[in-house]
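Engineer:
Numbering (the numbering used here), first residue to last: 2 to 403.
(1) In or out: residue 279 buried (at least 16 other Cβ within 10 Å) or exposed?
(2) If residue 155 and residue 126 are in contact, beta carbons under 8 Å, what's the gap, nearest whole angstrom?
(3) With DSSP collapsed to three states, give me the class of residue 134.
(4) Using 8 Å as the threshold, is the C-beta distance between residue 256 and residue 307 below it?
(5) State the Cα-Cα distance for the pair residue 246 and residue 40, rounded to the nearest angstrom.
(6) Where does residue 22 fall in DSSP's three states?
(7) CB-CB under 6 Å to residue 309, same chain, minus the five flanking residues each way: which ones, in chain order?
(8) Per DSSP, which one or two residues make a beta bridge with residue 140?
(9) Measure the C-alpha to C-alpha separation of residue 101 and residue 233 and round it to an integer number of angstroms.
(10) Rank 69, 96, 73 by C-alpha distance to the C-alpha of residue 32 and give the top, closest one.
(11) With distances taken from CA atoms, which of 3, 64, 319, 68 is nearest residue 114?
(12) If the criterion is Cβ atoms closer than 8 Å, does the pair residue 204 and residue 16 meet it?
(13) The alpha helix (DSSP H) that contains residue 366, what's its start and end?
(14) Less than 8 Å separating the beta-carbons of residue 151 and residue 182?
(15) Considering residue 211, what are the terminal residues of the alpha helix (DSSP H) in which it resides?
(16) Residue 8: which of 111, 74, 235 sits nearest, CA to CA?
(17) Verify whether the separation of the beta carbon atoms of residue 272 and residue 304 is less than 8 Å.
(18) Alpha carbon to alpha carbon, what distance is there between residue 269 and residue 277?
(19) With a cut-off of 8 Å on the beta carbons, I'd call residue 239 and residue 66 a contact; round off their distance for me.
(20) Counting Cβ pairs closer than 8 Å, one from the stretch 23-37 and one from the stretch 51-58, do we hit at least three?
(21) Going by beta carbon distance, what residues of the same chain come within less than 8 Å of residue 287, once the five residues before and after it are set aside?
(22) Just reading off the alpha helix (DSSP H) that residue 175 is part of, what are its end residues?
(23) Can the beta-carbon of residue 69 be found less than 8 Å from the beta-carbon of residue 321?
(24) Please report the Cβ distance between residue 166 and residue 178, rounded to the nearest whole angstrom; I am assuming they are in contact, meaning their Cβ atoms lie under 8 Å.
(25) DSSP three-state label for residue 153, please.
(26) For residue 28, which of helix, strand or coil comes out of DSSP?
(27) State the CB to CB distance for the pair residue 329 and residue 274, rounded to an integer number of angstroms; the pair is presumed to be in contact (CB under 8 Å).
(28) Give the straight-line distance between the Cα atoms of residue 198 and residue 140, rounded to the nearest whole angstrom.
(29) Whole-angstrom Cβ separation of residue 21 and residue 132, contact assumed at under 8 Å?
(30) In chain order, what residues of the same chain have a beta carbon less than 8 Å from the beta carbon of residue 214, not counting five sequence neighbours either side?
(31) How many angstroms separate the CA atom of residue 77 from the CA atom of residue 312?
(32) For residue 335 and residue 391, which I take to be in contact (beta-carbon distance under 8 Å), what is that distance rounded to the nearest angstrom?
(33) Count the other C-beta atoms from every protein chain shown that fall within 10 angstroms of the C-beta of residue 347, then say buried if there are 16 or more, exposed otherwise.
(34) In angstroms, rounded to a whole number, what distance separates the CA positions of residue 385 and residue 337?
(35) Can you tell me which of 94, 116, 129 puts its alpha carbon nearest to the alpha carbon of residue 185?
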């Protein structure tokens, strides 16, 4: 029962049906399913215990990261905001992490989680395209995401659709897979997100020029033709001039202005150097940079970090950043090693490329995250938790990760 509720939670968290059907908002579905799944997981003695879950490498690092966030609250530039975010908002990510690790105790359950993610992402992509609109040449999906955030979300999960495209999958799963891939590609390009384009480029490079996801060249060519045809149908709506500007940034305000990304990143590094141990406090980057400008006699303009890594470094200090970076490295190492072990085929039965797909997805997330303030996003939490669950699954099966 706990696992079924968790599957519903995945759909609500990633599909965001409440954003498109406002009558669902009063139900607080995300909080409801989180609390119910947590309660059922705790009382169900047959589950892998939380105590055992904490012993996994990624779990330890994630727990330390959460503790660093809490320890920084008393020293934050805005203690109330930091406290509210950590204990009232990010706690949901923390619970999600351990719910996934504890409940995914078999390959069958892992497949169900991936199916739920694919359905949720397909739902969000299709509903965004149906209800969004164009402003200043860019596609805006609605109230939940801006164009850059939507591109980040879709790039991060694009590789997972390929899990449902395997020969042994039912025809419905293949339809979901192909639909999700095509709609995601169109939506990413319509957003005009240059960071999203870079992340997409990394993901497509691995898919097309490695054998991790697809081995047959004929299948790759077929997918390219279908994708090219689908994108061409929406070419008139894609701001190609904006996307092409990624190759000529000499006059881009992000490099020339103090309020552009490069200027903000420099200020973020300065804040980290001034607050090396605890940082300026979670979600306090804007206030900190405003006060810094005020102290320099400038207009105290608040701005976000526009980089997950600058965000985490400035807000949690060097220790928090080291833990965050260690989490990403541990996950990438685990995914890579597990994707290369031939004996995994005995345990995963034809799904031996799943760890490789996760590796590609996390790479896309990391590239997009370099340009967006997404250090505390549920997507990072998802990949951290998936790595922990995979590590535990393969250890249980007599195989070792990293």
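Note that CB positions come from ideal geometry on N, CA and C, so glycine has one too.
Structural biologist: Short version:
(1) So residue 279 counts as buried.
(2) The C-beta distance from residue 155 to residue 126 rounds to 6 Å, short enough to meet the 8 Å contact threshold.
(3) Residue 134 falls in the strand class under three-state DSSP.
(4) Between residue 256 and residue 307, the CB-CB gap reaches or exceeds 8 Å.
(5) The straight-line gap separating the alpha-carbon atoms of residue 246 and residue 40 is approximately 50 Å.
(6) Residue 22: coil per DSSP, three-state reduction.
(7) Hits under 6 Å: 370, 375, 376.
(8) In DSSP, residue 140 forms a bridge with 135.
(9) CA-CA distance, residue 101 to residue 233, rounds to 39 Å.
(10) The candidate whose alpha carbon is nearest that of residue 32 is 96.
(11) Ranking the options by Cα distance to residue 114, first place goes to 3.
(12) With respect to residue 16, residue 204 sits apart: the two C-beta atoms are not nearer than 8 Å.
(13) Taken as a continuous stretch (DSSP letters only), the alpha helix (DSSP H) holding residue 366 covers 355-370.
(14) The answer is no: Cβ separation not under 8 Å.
(15) DSSP places residue 211 outside any alpha helix (DSSP H), giving it a letter other than H or E.
(16) Answer by Cα proximity: 111.
(17) In terms of Cβ geometry, residue 272 and residue 304 do not form a close pair [threshold 8 Å].
(18) Roughly 12 Å between the two C-alpha positions.
(19) In fact, because the Cβ distance is near 38 Å, the residues do not count as touching under 8 Å.
(20) With a cut-off of 8 Å, the stretch 51-58 and the stretch 23-37 do not count as touching, because too few Cβ pairs lie within range.
(21) Result list for residue 287: 303, 304, 305, in chain order.
(22) Taken as a continuous stretch (DSSP letters only), the alpha helix (DSSP H) holding residue 175 covers 172-192.
(23) In this structure, the beta-carbon distance from residue 69 to residue 321 falls below 8 Å.
(24) Contact check for residue 166 and residue 178: beta-carbon distance about 4 Å, within the 8 Å limit, so the pair qualifies.
(25) Residue state, collapsed to three classes: helix.
(26) Helix, per DSSP.
(27) Contact flag wrong, Cβ pair sits at about 22 Å.
(28) Pairing residue 198 with residue 140, the inter-Cα distance amounts to about 14 Å.
(29) The C-beta separation of residue 21 from residue 132 comes to about 6 Å, placing the pair in contact by the 8 Å criterion.
(30) Excluding sequence neighbours, residue 214 sits near 160, 163, 207, 208, 354, 357, 358, 361.
(31) Rounded to the nearest whole angstrom, the CA to CA distance from residue 77 to residue 312 is 14 Å.
(32) Your pair residue 335 and residue 391 checks out as a contact, with CB atoms roughly 7 Å apart and the cut at 8 Å.
(33) Note that residue 347 scores 48 on pLDDT, short of 50, meaning its location in the model is unreliable; the coordinates nonetheless yield the value given after this. By the 10 Å Cβ count, residue 347 comes out exposed.
(34) Looking at the two C-alpha atoms, the distance is approximately 14 Å.
(35) Checked all of 94, 116, 129; the closest Cα to residue 185 is 129.
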